Amino acid sequence: MADNIQAPVITLDGPGGAGKGTLTQLLANHLNWRLLDSGALYRLTALGALKQGVSLDSVPDLVRVASQLDVEFRPSSVGEPPRVFLAGEDVTAELRTEETGRHASSIATIPEVRAALLQRQRDFRQPPGLIADGRDMGTVVFPDAPCKIFLTASVEERARRRFNQLKQQGQDVKLSALLEELKARDEQDMNRATAPLKPADDAVVVDTTGHSIEEVLKIILGVWAEKSST
Ligand code: C5P
-8 MADNIQAPVI TLDGPGGAGK GTLTQLLANH LNWRLLDSGA LYRLTALGAL
42 KQGVSLDSVP DLVRVASQLD VEFRPSSVGE PPRVFLAGED VTAELRTEET
92 GRHASSIATI PEVRAALLQR QRDFRQPPGL IADGRDMGTV VFPDAPCKIF
142 LTASVEERAR RRFNQLKQQG QDVKLSALLE ELKARDEQDM NRATAPLKPA
192 DDAVVVDTTG HSIEEVLKII LGVWAEKSST
């Protein structure tokens, strides 16, 4: 649809714990745009496969699960991430565990799974605009996005943030284990052959180490103001 092609997209790529999720929510609220949490689609595919008893090594089965995902993102209270339903079941908490993240990262190395999720992600691009959170938003899914941000932070700071976030959700986690988990996930995401985690050539790289979320939000809105005025 021509309208969809015209809708602007701000892509937010980067490693886990860089603050993409929170910033995506804040930007979407601020601009009153839609948001795409692409990591959730990989997590849902892994979760859906496991719930159906499908092996995470069976590519045709994974492609079927990815293509047929029956998912609903239900808005919750203001400032809170939406609740996520898979085939009618509330999987919000399960979706966020480190185990699901590890499974998601593993199936995300499979090109056929990525291809099966591509159009579903592009369909989120609708007026008045989209904030797209992921690893390959600026490089593969929305290569023509007018504003691309690549968020980074030291792995120690990212582990600390994840730790606080998961603790708040009542999950029993260890900081040292999270640090190792993030390092392993970075390694897998950056070194896979298809759509590896890296900044697009035209992305603005923002290092969030030592910055508050409010400071980073201001930086990104500044980049968007500049890009949208040229
Ligand atoms: O962002 P989140 O931690 O939810 O992503 C889970 C995993 O899904 C990542 O570690 C990554 O391997 C994969 N992913 C991806 N491409 C995206 C989003 C997530 O490969 N666009």
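Counting in this note's numbering, the sequence shown runs from -8 upward without gaps. Think of the CB as a built atom: it goes at the ideal place given N, C-alpha and C, for glycine as much as any other residue. This one's a predicted model, so the numbers in the text were calculated from it and none came from an experiment.
#### Entry: CA nearest to the CA of N20, picked from P51, E71, L35
E71
### Query
Taking 6 angstroms as the cut-off, does the CB of G92 come closer than this to any heavy atom belonging to ligand 1?
yes
### Query
Comparing the CB of A99 with every heavy atom of ligand 1, is any distance shorter than 6 angstroms?
yes
### Query
How many angstroms separate the CA atom of Q159 from the CA atom of S219?
37 angstroms
### Task
Less than 8 angstroms between the CB atoms is what I'm expecting for L188 and P73, so what's the real figure, rounded?
24 angstroms between Cβ atoms; not a contact.
### Task
Note down the Cα distance separating Q162 from I1, rounded to an integer number of angstroms.
31 angstroms
### Message
Using only the alpha-carbon positions, how far apart do P66 and V75 sit?
### Response
9 angstroms
### Query
Going by the beta-carbon positions, is the gap between R34 and F115 smaller than 7 angstroms?
no
### Query
Where do the ends of the beta strand (DSSP E) carrying I204 lie?
Looking at the DSSP string, I204 is not in any beta strand (DSSP E); the run it does join, the alpha helix (DSSP H), is 204 to 219.
### Query
Comparing alpha-carbon positions, which option in A9, L3, D4 lies nearest E148?
A9
### Task
Give the straight-line distance between the Cα atoms of V197 and S145, rounded to the nearest whole angstrom.
12 angstroms
### Query
Which full runs of the alpha helix (DSSP H) of 4+ residues lie inside the segment 154 to 194, going along the chain?
166 to 182
### Message
Taking the straight line between their C-alpha atoms, what separation do you get for V104 and D135?
### Response
22 angstroms
### Query
Tell me the DSSP bridge mates of A123?
T2, L27
### Message
Once the 5 residues before and after A275 are set aside, which same chain residues still bring their CB inside 6 angstroms of it?
### Response
A query on residue 275 cannot be resolved here, the shown segment of the chain reaching from -8 to 221 and no further.
### Message
Suppose contacts are defined by Cβ-Cβ distances below 7 angstroms. Is L157 in contact with V164 by that definition?
### Response
yes
### Query
Where does Q(-3) fall in DSSP's three states?
helix
### Query
Roughly how far, in whole angstroms, is the beta-carbon of L22 from the beta-carbon of I140, given that I think they are within contact range, below 8 angstroms?
Contact doesn't hold; Cβ gap of about 14 angstroms is too wide.
### Task
Keeping to the same chain, check which residues put their C-beta closer than 6 angstroms to that of V195; ignore five residues upstream and five downstream.
I140, V214
### Query
DSSP three-state call for V56: helix, strand or coil?
helix
### Query
Under the criterion of a Cβ to heavy atom distance below 6 angstroms, does D285 qualify as lining ligand 1?
Because residue 285 is not part of the residues shown, which for the chain are -8 to 221, the question remains open.
### Task
Give the single residue among V54, E63, L121 whose Cα lies nearest to the Cα of Q(-3).
L121
### Query
First and last residue of the alpha helix (DSSP H) that includes L17?
11 to 22
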